[in-house]
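Take 9 as the starting number for the sequence shown in our numbering and just add one per residue. Where a beta carbon is used, it is the ideal one built from N, C-alpha and C, also for glycine. Model, not experiment: these values are computed from the prediction. Report on the following structure.
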Amino acid sequence: MEVRIGSADGAVLAQVPVEVNGQWEPFYERSVGLPPTSGWHDVVVRFTHPQQAGGLLDIDTVSFDR
9 MEVRIGSADG AVLAQVPVEV NGQWEPFYER SVGLPPTSGW HDVVVRFTHP QQAGGLLDID
69 TVSFDR
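Take a look at the structure:
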């Protein structure tokens, strides 16, 4: 999982590994710190896997804390 700023091709702010288990459950909780930025920006959460295309994750919640 990548967190990018501005667009899906924007700079990577953080990366978090998430295991692909091929099932809808169990849910995993992952946390990552983001570098400080100023102003308002679009943030994109992007999921990729070099060997598996499509159906990577079932996202329940994405949240940001200050």
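Residue i, buried or exposed, once every other Cβ within 10 Å from all chains shown has been counted against 16
i	result
residue 26	exposed
One or two residues paired with residue i in a DSSP bridge
i	result
residue 53	11
residue 20	12
For residue j and residue i, believed in contact at Cβ under 8 Å, the rounded distance
i	j	result
residue 70	residue 52	Contact flag wrong, Cβ pair sits at about 11 Å.
residue 66	residue 15	That pair is no contact at about 24 Å.
Beta-carbon contacts of residue i that lie in its chain and below 7 Å, excluding the five residues immediately before and after
i	result
residue 40	11, 22, 24
Cβ neighbours of residue i in the same chain (closer than 6 Å, five flanking residues each side left out)
i	result
residue 19	13
residue 42	21, 22
Cutoff 8 Å; reference residue i; Cβ partners in own chain excluding five residues on either side
i	result
residue 37	none
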